[in-house]
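Q:
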Amino acid sequence: MGDSSAKKDYLESMTRYQFLFEHARDIILFVSLDGAILEANKAAEIEYGYTRDELLRFNIRDLRAPQTVDLLNEQMKLAASETGILFETVHRRKDGRCFPVEVSSKIALPGLSPVLLSIIRNISERKQLERQITEKNQQITDYLANLEQTNQDLLIANQLKSQFLANFSHELRTPLNAIVGFADILYQDDFSTCEERRPLIDIIIKNSEQLLLLIHDVFEMAKIDSGESLVKETTVFSLSQLLHEIYQQHVYRIRKKPLAFHVLQPAAEIQIQGDYHQLIKVIGRIIDNAMKYTESGSITVSAVVEPEFAKILIADTGIGIEKENITKLFSKFTQIDGSSTRIQGGTGLGLVIAKAIIEQMGGTIALHSDGLGKGTVVTLALKRAF
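When the count follows full-length UniProt numbering, it moves up by one through the sequence shown with no breaks and lands on 386 for the last residue.
(1) Apart from the five residues just before and just after F191, which ones in its own chain have a Cβ nearer than 6 Å to its Cβ?
(2) Going by CA-CA distance only, name the one from S298, V31 and T300 that's closest to S113.
(3) Rounded C-beta distance between V378 and I314? I'm assuming under 8 Å.
(4) Would you tell me roughly how many angstroms separate the C-alpha atoms of G345 and L211, rounded to the nearest one?
(5) Can you find at least 3 beta carbon pairs, one from the region 316-324 and one from the region 291-304, that sit closer than 8 Å?
(6) How big is the Cα-Cα spacing for G2 and A80?
(7) Threshold first: 4 residues or longer. Then list the alpha helix (DSSP H) segments lying entirely within the UniProt domain "PAS" (13-83), N to C.
(8) Could you check if Y48 is buried or exposed, using at least 16 other CB atoms within 10 Å of its CB as the buried criterion?
(9) Our contact map puts I283 next to I246 with C-beta atoms below 8 Å; I'd like the distance itself, whole angstroms only.
(10) Give a yes or no on whether the C-beta atoms belonging to I179 and S208 are separated by under 8 Å.
(11) Where does T341 sit, in a helix, a strand or coil, going by DSSP?
(12) Nearest by alpha-carbon distance to A222: which of I280, K374, T83 and L160 is it?
(13) Between the beta-carbon of K383 and the beta-carbon of E308, is there less than 8 Å?
(14) Just how far apart, CA to CA, sit A65 and R25?
(15) Counting only the same chain and skipping the five closest in sequence on each side, list residues whose C-beta sits under 7 Å from that of K127.
(16) Following a CB-centred definition, is P100 positioned closer than 7 Å to any heavy atom of the ligand NAD?
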């Protein structure tokens, strides 16, 4: 009874094995240690283009591409070892076409006459994908290299531009300073200057100063583009002192127009930190801009104290600006159409430079307007000192 059951199990096992052998998608070969093909499945017939009888007359060497035959002996030795071998090579079909394969080969049926079981998989699709991936990686590498070179070229071009602007600004400012200086002397010299000439000299001085200011903006922007900080000396100072100096510098000039000028001091003494002189200049430029575009009403400078920051607000009752154009004013060389602009003429760099300076101090700058005719508020937020 036991022998009958064992025989039945053996036959069923062999039947299952035969089914798997014949229907496997991979090539399966049984090969002797000298390379003779002892058995081949249906996949081998389909892949190589030979019949089973033809394959059984071959040595495994006959299925290898000529350029791979030299490696065969070493691979056969490794296949016969205890661990077997997994390797890639190239096989050849009956029609001479070659295709890449992955071979897993080791001793089959241990204890009997040694035979190699080789499972061979066509990896043409994998190799094609690998080539595509390699090509794409190379394309990406080339693209990144080109991008890096482009960035380097742009950096060099930007440095050259900044250097040119700096030199250009210096060359223009030198003669203009002389023009302004001598025009001022003529203006003050009652003996050498007739009253009729005073308006003309006024025009010389006014336009020369405006041109100097424009050149100064370009020069400052060149420094920013080159990575140079415009903040030279960071100190701790009184917010009240700063606001008092702002009032003293601008009150008489503003009152020449039909404008009221108010500077509102904070309720408590507050210390802030930053570049005092640069901050005076930034606020001065914002006030100048407010004067230019405020025909009547007022300009008010006030302060709001928060736990970490002190905010300085410069508010005017001028022409205002459309909300969608506010962010454009912080872009280099950007100017808004005359009907809604606050920076007509000039370089379009004023707020860009102001933003760079305030941010270099660790603060922020923001501009708010409810629209045309609604005035504008510029807010500078600066770090408090404790």
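Cβ coordinates follow ideal geometry from the N, Cα and C atoms, glycine included.
A: By the coordinates alone:
(1) Confidence is the limiting factor: at F191 the pLDDT is only 48, short of 50, which leaves the residue's position unreliable and the question unanswerable from this model.
(2) V31
(3) 5 Å
(4) Here G345 scores only 48 on pLDDT, less than 50, and its place in the model should not be relied on; the value that follows carries that caveat. Roughly 11 Å between the two C-alpha positions.
(5) yes
(6) Confidence is the limiting factor: at G2 the pLDDT is only 46, short of 50, which leaves the residue's position unreliable, though a coordinate-based value still follows. About 36 Å.
(7) 42-48, 52-56 and 72-79
(8) buried
(9) 6 Å
(10) Yes, these two residues count as a Cβ contact at 8 Å.
(11) Unreliable placement is indicated for T341, whose pLDDT of 42 sits below 50; the coordinate value is still reported in the next sentence. T341 falls in the coil class under three-state DSSP.
(12) L160
(13) yes
(14) 22 Å
(15) P100
(16) As far as ligands go, the structure on display features none, and thus does not contain the ligand NAD.
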